[in-house]
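Asks:
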Amino acid sequence: MADFLDLPEAIERYVHDGQFVALEGFTHLIPFAAGHEIIRQGRTGLTVARMTPDLVYDQLIGAGCVSKLIFSWGGNPGVGSLHRMRDAIQEGWPGPIEIEEHSHAGMAERWRAGAAGLPFGVLRGYVGTSLPEHTETIVPITCPFTGEQLTAVPALNPDVGIIHAQQADRDGNVMMWGITGVQKECVLASTRAIVTVEEVVDTFEPHVNGVVLPAWVVDAVCVVPGGAHPSYADGYSERDNPYYAAWDEIGRDRDRFGEWVEEVCS
Amino acid sequence: MADFLDLPEAIERYVHDGQFVALEGFTHLIPFAAGHEIIRQGRTGLTVARMTPDLVYDQLIGAGCVSKLIFSWGGNPGVGSLHRMRDAIQEGWPGPIEIEEHSHAGMAERWRAGAAGLPFGVLRGYVGTSLPEHTETIVPITCPFTGEQLTAVPALNPDVGIIHAQQADRDGNVMMWGITGVQKECVLASTRAIVTVEEVVDTFEPHVNGVVLPAWVVDAVCVVPGGAHPSYADGYSERDNPYYAAWDEIGRDRDRFGEWVEEVCS
Amino acid sequence: MSELEYTTDEMMTIAAARALGDGTVCFVGIGLPSTAANIARRMHAPNAVLIYESGCIGAKPTRLPASIGDGVLSEFADAVIAVPEIFAYWLQAGRIDVGFLGAAQIDKFANINTTVIGPYDDPKVRLPGAGGAPEIAANCGSVIITLRQSTRAFVEQVDFVTSLGHGEGGDHRARLGLRGAGPTEVITDLGVLRPDATTRELTLTSIHPGVTVEQVRDATGWDLCVADRLEVTDPPTDDELRVMRELKAAS
Amino acid sequence: MSELEYTTDEMMTIAAARALGDGTVCFVGIGLPSTAANIARRMHAPNAVLIYESGCIGAKPTRLPASIGDGVLSEFADAVIAVPEIFAYWLQAGRIDVGFLGAAQIDKFANINTTVIGPYDDPKVRLPGAGGAPEIAANCGSVIITLRQSTRAFVEQVDFVTSLGHGEGGDHRARLGLRGAGPTEVITDLGVLRPDATTRELTLTSIHPGVTVEQVRDATGWDLCVADRLEVTDPPTDDELRVMRELKAAS
Chain A
1 MADFLDLPEA
11 IERYVHDGQF
21 VALEGFTHLI
31 PFAAGHEIIR
41 QGRTGLTVAR
51 MTPDLVYDQL
61 IGAGCVSKLI
71 FSWGGNPGVG
81 SLHRMRDAIQ
91 EGWPGPIEIE
101 EHSHAGMAER
111 WRAGAAGLPF
121 GVLRGYVGTS
131 LPEHTETIVP
141 ITCPFTGEQL
151 TAVPALNPDV
161 GIIHAQQADR
171 DGNVMMWGIT
181 GVQKECVLAS
191 TRAIVTVEEV
201 VDTFEPHVNG
211 VVLPAWVVDA
221 VCVVPGGAHP
231 SYADGYSERD
241 NPYYAAWDEI
251 GRDRDRFGEW
261 VEEVCS
Chain B
1 MADFLDLPEA
11 IERYVHDGQF
21 VALEGFTHLI
31 PFAAGHEIIR
41 QGRTGLTVAR
51 MTPDLVYDQL
61 IGAGCVSKLI
71 FSWGGNPGVG
81 SLHRMRDAIQ
91 EGWPGPIEIE
101 EHSHAGMAER
111 WRAGAAGLPF
121 GVLRGYVGTS
131 LPEHTETIVP
141 ITCPFTGEQL
151 TAVPALNPDV
161 GIIHAQQADR
171 DGNVMMWGIT
181 GVQKECVLAS
191 TRAIVTVEEV
201 VDTFEPHVNG
211 VVLPAWVVDA
221 VCVVPGGAHP
231 SYADGYSERD
241 NPYYAAWDEI
251 GRDRDRFGEW
261 VEEVCS
Chain C
1 MSELEYTTDE
11 MMTIAAARAL
21 GDGTVCFVGI
31 GLPSTAANIA
41 RRMHAPNAVL
51 IYESGCIGAK
61 PTRLPASIGD
71 GVLSEFADAV
81 IAVPEIFAYW
91 LQAGRIDVGF
101 LGAAQIDKFA
111 NINTTVIGPY
121 DDPKVRLPGA
131 GGAPEIAANC
141 GSVIITLRQS
151 TRAFVEQVDF
161 VTSLGHGEGG
171 DHRARLGLRG
181 AGPTEVITDL
191 GVLRPDATTR
201 ELTLTSIHPG
211 VTVEQVRDAT
221 GWDLCVADRL
231 EVTDPPTDDE
241 LRVMRELKAA
251 S
Chain D
1 MSELEYTTDE
11 MMTIAAARAL
21 GDGTVCFVGI
31 GLPSTAANIA
41 RRMHAPNAVL
51 IYESGCIGAK
61 PTRLPASIGD
71 GVLSEFADAV
81 IAVPEIFAYW
91 LQAGRIDVGF
101 LGAAQIDKFA
111 NINTTVIGPY
121 DDPKVRLPGA
131 GGAPEIAANC
141 GSVIITLRQS
151 TRAFVEQVDF
161 VTSLGHGEGG
171 DHRARLGLRG
181 AGPTEVITDL
191 GVLRPDATTR
201 ELTLTSIHPG
211 VTVEQVRDAT
221 GWDLCVADRL
231 EVTDPPTDDE
241 LRVMRELKAA
251 S
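Protein chains in written order, with the working numbering: chain A, 1 to 266; chain B, 1 to 266; chain C, 1 to 251; chain D, 1 to 251.
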């Protein structure tokens, strides 16, 4: 059952060194504030998963929180590369990270399987690509009815799943709308779930594509207005595109990045 | 791309003898009018699938349209048995029907697999029950990662899927809300899709749990106000519970049922 | 103690309602389980979360639903989702504390038959079939079953295992790899049966007021074990009867 | 014939836009494909259905989306659905006519690399990775690819096959059981390449106005085949340029 907690308290209570953690979000509703709190609390040795590791994962990697990254597309959308991620993969700075690389279709299916309590998912994917040569978690599976060969991928089941949503009600039920990506699956697949929200409301209004997560599948609700910044929250904020553009320069340079970390932690 | 057709024209164009047809609906939004049109046009040899074959399937079976039934729960909800279905299974009247029996979880997974273009689906199901002894489409499958044994079921992919929805817009996009069961999956899993709707609107209003099916996955939209009667359409009608209660007597007796068929066909 | 008269069916329904703890997440079958769950929500379990297989999560019906897809279930639910999702993401994933089921036939290891009386291929009586029950019985934390007790319903061994209870008894469920604990209570119009801790055979642990052990034995199709410390169910309170009758009258 | 000056990038974008037929259901990658698809929708293909992997079906953005999850995609979409559904129910099920992809590196059989330059375990340049591309390339009816032509981008053989084009050529796709036809056009800033009917090797079939075959050969990392009947791309019309520039200015 969801407790209303301060974000620092929620991270302290649920996110521990060496765990498997996912901060999901698909351009929209990315839980940046939660990621920054993890940096502030100096977590290390995390395995992190996300379809589109963007700036917040670049920041977590650069800050030395991460030892393994599971992903399918790691870039700064519309800008370019994630330099901290590249530096970690290519130069092992600030420490080496292991990567487990999939496609979006495969990751989405892994989230679905995780949410569904299945150990694996099945898709028409990866055929003819180089990915299976480098990723052990992509294996063939045969249809027991048609004999057709498909691809199996293992479920994702993090210790902690973290998302940002627009609203919670006073009982801790959570509502999000707009592009909601794999966030429902991330919450349901994770042992613990932390949700940061823009605000608490008395009742939810109907929204096209509204998704409600009941309080009893959420462990902590943290009221963090703007907690998705520089990402956006439909109905509350616009995406801060200049922040993404400016990150290219910060992320490119270890020293400038170091200053950024100090700022976040101060 | 959806054409606006009269219901008789849509059934004539798309539903043929010997095909695999599904009329889905979960208490709510059951496409009764379409079923009655199939009876009127005297289709025979149909394989029909549905999680909850209720009165409309009882009627199709009694009228001799059906040679095989794939299902998971066949009853008159809140009333009792489906006597036409029982008569067909137990006495072979008006002709023998073959049955392929699953659980709801299995059927739902078969619909999901069908919609997803996969030949099979996977679930934690049927273990320890007698169903696998009598249903060939329930087989074990082993997780390639954990070695755990689960159950595989084949996808459902009808020739024609038929559903009832609240609204279409002028482009033939379809919207339904409330309890929408497996209807999206039924439409997406079927080669052809017919949708009867309560009315045509200029634009869709937002609805909690609203589901939109774009016009290009629908073949025919038929405007049939009350097309779900005696089932209901949230926002348009109430369930006609006396009809369900009265059906028990009609369905129980071959002659009275015969009169009912004549009425429908006249 | 009640001032009001009550029937054995009413006793059964109220005993079933009491079995649902507050805050419990409950997958509710239609009919008697649904009535009992809704009484519980109005009495001692206001925070029970009712889930119906039609896709309604946190349903708060203002009257008893006439069917599993009644509009009164979706209208006041926390969320309404597609049926494949309710089975995969919610039931299968092990998120449900209690499954609340009815039955046509049950045997001494609480295996349920709602499929067929007689041989499958030459049925004496064809019943509706499985519905959601097999996976509710498999994947919920525990299962409560409620049905009227008679030798026709309570048989030594069911003709068809639609939903697995304790299988052949003992650790059979665990050996099959099932995650839930299986049936923990069978609540009838005569009393309450619970599986023996070791053999998992259903044992009479409570009788309703005015019912004799002999009556229960006579209504059971096997040689019924009776607990050493047999309890007597508390009779319905006036409050319980009032809530139940108001709910039924409104439906 | 245009009165306006235009750049080679603009020619490429407009040529790519023209490749999208009206009424086509198109899975759109971000960047150049998205720009081209949105020009097409404003010009000759008003009924094209644009699908973005963030879950937007029938997106009608009023400006160019800055990212695949831009709010302008969801706001005016026919439907916005969860990401697992977009990949399973819509892409995988074979509902998409055309996949519209960019690329970092492409080889002569139109295999795409967006993962890594150099060895995977000791990369020279680490690229963003696969994203949705492998299954877009596998499961769409056909695939259109658009990228700038240079010897760095157009290589004999990609270092890493992120998304399969025609594999090793010939009927390789069919032998692998892939359902879609694979890449049918590669549109660059210099011209258009199409796979040979038999070998499936990319062949120059059209050059943009003012471009020489020699220029294209020099920008290609393999010995480029040229079609017997080489066409010259129609230059951008004023209308096309105006629509493109308005769209870019608004974004």
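Heads up, the beta-carbon is just placed ideally off N, CA and C, and yes, glycines get one too. These numbers come from a predicted model, not from an experiment.
For Phe-76(D), is the classification buried or exposed, using 16 other Cβ atoms within 10 angstroms of its Cβ as the cut-off for buried?
Replies: Locating residue 76(D) in the fourth sequence gives position 76, where the first residue counts as 1. Exposed, by the Cβ-count rule.
Asks: What residue ranges within the segment 67-118 of chain A form continuous alpha helix (DSSP H) runs of no fewer than 4 residues, ordered along the chain?
Replies: With a minimum length of 4 residues, the continuous alpha helix (DSSP H) runs that stay inside the segment 67-118 of chain A are 83-91, 104-115.
Asks: Note down, in chain order, all residues in the segment 228-257 of chain B with a beta-carbon under 7 angstroms from any beta-carbon belonging to chain C.
Replies: For the segment 228-257 of chain B, which is checked against every Cβ of chain C, the residues closer than 7 angstroms are Tyr-232, Asp-234, Arg-239, Asn-241.
Asks: Name, please, each residue of chain C whose Cβ falls closer than 7 angstroms to the Cβ of Asn-209(A).
Replies: Within the first sequence, the letter at position 209 stands for residue 209(A). Those do not exist, as Asn-209(A) stays about 13 angstroms from chain C at its closest Cβ, beyond 7 angstroms.
Asks: From this set, Arg-86(B), Thr-180(B), Gln-59(B), Ile-162(B), which residue's C-alpha is nearest Arg-192(B)'s C-alpha?
Replies: For the purposes of this step, residue 192(B) is taken as residue 192 along the second sequence, with counting starting at 1. Of the candidates Arg-86(B), Thr-180(B), Gln-59(B), Ile-162(B), the one whose C-alpha sits nearest the C-alpha of Arg-192(B) is Ile-162(B).
Asks: Sort Asn-209(B), Ala-189(B), Ile-194(B), Trp-216(B) by Cα distance to Phe-32(B) and report the nearest one.
Replies: Residue numbering aside, residue 32(B) sits at position 32 when the second sequence is read from its first letter. Ranking Asn-209(B), Ala-189(B), Ile-194(B), Trp-216(B) by Cα distance to Phe-32(B) puts Ile-194(B) first.
Asks: Counting only beta-carbon separations shorter than 7 angstroms, does Val-200(B) have a partner in chain A?
Replies: As a working note, residue 200(B) is residue 200 in the second sequence. Taking Cβ atoms only, chain A never reaches closer than 7 angstroms to Val-200(B), which makes this a no.
Asks: Determine contact between the segment 147-154 of chain D and the segment 187-196 of chain D, defined as no fewer than three beta-carbon pairs at a distance below 8 angstroms.
Replies: Yes, they touch.
Asks: Provide the residue span of the alpha helix (DSSP H) that contains Asp-58(B), from first to last.
Replies: Start at 1 with the first residue of the second sequence, and residue 58(B) comes out as number 58. Asp-58(B) -> alpha helix (DSSP H) spans 55-62.
Asks: Which runs of the alpha helix (DSSP H) at least 4 residues long sit entirely within the segment 122-190 of chain D? Give them in chain order.
Replies: The segment 122-190 of chain D contains these whole alpha helix (DSSP H) runs: 133-139, 172-175.
Asks: Which residues, in chain order, does the segment 178-199 of chain B contribute to contact with chain D at a C-beta distance below 9 angstroms?
Replies: Of all residues in the segment 178-199 of chain B, Lys-184, Glu-185, Leu-188, Ala-189 have a Cβ within less than 9 angstroms of some Cβ in chain D.
Asks: Whose Cβ in chain D lies nearer than 8 angstroms to the Cβ of Ala-116(B)?
Replies: The sequence position of residue 116(B) within the second sequence is 116, counting from 1. Neighbours of Ala-116(B) on chain D, chain order: Ala-88, Tyr-89, Gln-92, Ala-93.
Asks: Should Ala-79(C) be flagged as near chain A, meaning a C-beta pair shorter than 7 angstroms?
Replies: Looking up residue 79(C) in the third sequence gives position 79. Closer than 7 angstroms: yes.
Asks: Can you give me the Cβ contacts of Ile-145(D) inside the same chain, cut-off strictly under 6 angstroms, excluding the 5 residues immediately before and after it?
Replies: Position 145 of the fourth sequence, counting from 1, holds the residue named residue 145(D). Same-chain partners within the cutoff: Leu-101, Ala-103, Pro-183, Val-186.
Asks: Measuring CA to CA, which of Glu-199(A), Pro-214(A), Glu-259(A) is closest to Pro-225(A)?
Replies: The count along the first sequence starts at 1 and reaches residue 225(A) at position 225. Checking every option, the nearest Cα to that of Pro-225(A) belongs to Glu-199(A).
Asks: Going along the chain, which residues of the segment 25-56 of chain D sit with their C-beta nearer than 8 angstroms to a C-beta in chain A?
Replies: Correct list: Ile-30, Gly-31, Glu-53, Ser-54, Gly-55, Cys-56.
Asks: I'd like to know whether the C-beta of Pro-214(B) is nearer than 7 angstroms to at least one C-beta of chain D.
Replies: Start at 1 with the first residue of the second sequence, and residue 214(B) comes out as number 214. Output row for Pro-214(B): interface = yes.
Asks: In three-state DSSP terms, what is Asp-169(A)?
Replies: Translated into the one-based positions of the first sequence, residue 169(A) becomes position 169. Here Asp-169(A) sits in strand by DSSP.
Asks: Please confirm if Gln-282(A) has its CB atom under 7 angstroms from at least one CB of chain D.
Replies: Residue 282(A) falls outside the range modelled here, since chain A spans only 1 to 266, and no answer is possible.
Asks: Listing by chain order, which chain D residues have their CB less than 7 angstroms from the CB of His-134(A)?
Replies: For this step, residue 134(A) is matched to residue 134 along the first sequence. Correct list: Tyr-120.
Asks: Indicate whether at least one CB of chain F lies closer than 7 angstroms to the CB of Gly-180(C).
Replies: The structure shown contains no chain F; the protein chains it does contain are A, B, C and D.
Asks: Identify whether Asp-107(C) lies in helix, strand or coil by the three-state DSSP scheme.
Replies: What you label residue 107(C) is simply residue 107 of the third sequence in a count that begins at 1. Of the three classes helix, strand and coil, the one that applies to Asp-107(C) here is strand, per DSSP.
Asks: Determine the chain A residues that contact Val-139(B) at a beta-carbon separation under 7 angstroms, and present them in chain order.
Replies: Within the second sequence, the letter at position 139 stands for residue 139(B). Correct list: Pro-144.
Asks: Which same chain residues end up closer than 6 angstroms to Gly-227(B) when comparing Cβ atoms and leaving out the 5 residues on each side of it in sequence?
Replies: Taking the first residue of the second sequence as 1, we reach residue 227(B) at position 227. Cβ within range, chain order: Ala-33, His-164, Thr-196.
Asks: From what residue to what residue does the alpha helix (DSSP H) around Thr-13(D) run?
Replies: For the purposes of this step, residue 13(D) is taken as the residue at position 13 of the fourth sequence. Start and end: 8-18.
Asks: When you compare the CB positions of Ile-30(C) and Ile-81(C), do they come within less than 7 angstroms of one another, or not?
Replies: Against the third sequence, residue 30(C) aligns to sequence position 30. Against the third sequence, residue 81(C) aligns to sequence position 81. No, the pair does not count as a contact, with Cβ atoms beyond the cut-off.
Asks: Since Gly-99(C) and Val-143(C) should fall inside the 8 angstroms C-beta cutoff, what is the C-beta to C-beta distance between them, to a whole number of angstroms?
Replies: Position 99 of the third sequence holds residue 99(C). Position 143 of the third sequence holds residue 143(C). About 4 angstroms; that satisfies the 8 angstroms criterion.
Asks: Give me, in chain order, the residues of the same chain whose beta-carbon lies closer than 7 angstroms to that of Ser-34(D); leave out the 5 immediate sequence neighbours on both sides.
Replies: Locating residue 34(D) in the fourth sequence gives position 34, where the first residue counts as 1. So the list reads Val-28, Leu-64, Pro-65, once near-sequence residues are dropped.
Asks: Going straight from the alpha carbon of Gly-147(B) to that of Arg-245(C), what length do you get?
Replies: Within the second sequence, residue 147(B) is the residue found at index 147, counting from 1. Within the third sequence, residue 245(C) is the residue found at index 245, counting from 1. Roughly 52 angstroms separates the two Cα atoms.
Asks: Classify Tyr-52(C) as helix, strand or coil using the three-state DSSP reduction.
Replies: Position 52 of the third sequence holds residue 52(C). In this structure, Tyr-52(C) counts as strand in the three-state DSSP scheme.
Asks: So the candidates are Glu-109(A), Ala-49(A), Ser-72(A), Leu-5(A); which of them puts its Cα closest to the Cα of Val-160(A)?
Replies: Working through the first sequence from its first residue, we reach residue 160(A) at position 160. The shortest C-alpha separation from Val-160(A) is found at Ala-49(A).
Asks: Between the Cα of Ala-249(C) and the Cα atoms of Pro-128(C), Thr-62(C), Val-116(C), Cys-56(C), which residue gives the shortest distance?
Replies: One-based indexing of the third sequence puts residue 249(C) at position 249. Here the closest residue by C-alpha is Thr-62(C).
Asks: Could you check how far apart the C-beta atoms of Trp-111(A) and Pro-84(D) are, in whole angstroms? I think they sit under 8 angstroms.
Replies: For this step, residue 111(A) is matched to residue 111 along the first sequence. For this step, residue 84(D) is matched to residue 84 along the fourth sequence. Going by Cβ atoms, the distance from Trp-111(A) to Pro-84(D) rounds to 6 angstroms, so yes, they are a contact pair.
Asks: Going by C-alpha distance, which of Ile-97(A), Glu-91(A), His-36(A) is nearest Gly-18(A)?
Replies: What you label residue 18(A) is simply residue 18 of the first sequence in a count that begins at 1. Closest by alpha carbon: Ile-97(A).
Asks: Give the secondary structure of Met-175(A) by DSSP, where H, G and I count as helix, E and B as strand, and everything else as coil.
Replies: Against the first sequence, residue 175(A) aligns to sequence position 175. Note: Met-175(A) maps to strand in three-state DSSP.
Asks: So Ala-257(C) and Ser-72(B) are supposed to be a Cβ contact under 8 angstroms. How far apart are they, rounded?
Replies: The displayed coordinates of chain C run from 1 to 251. Any statement about residue 257(C) would go beyond what the structure contains.
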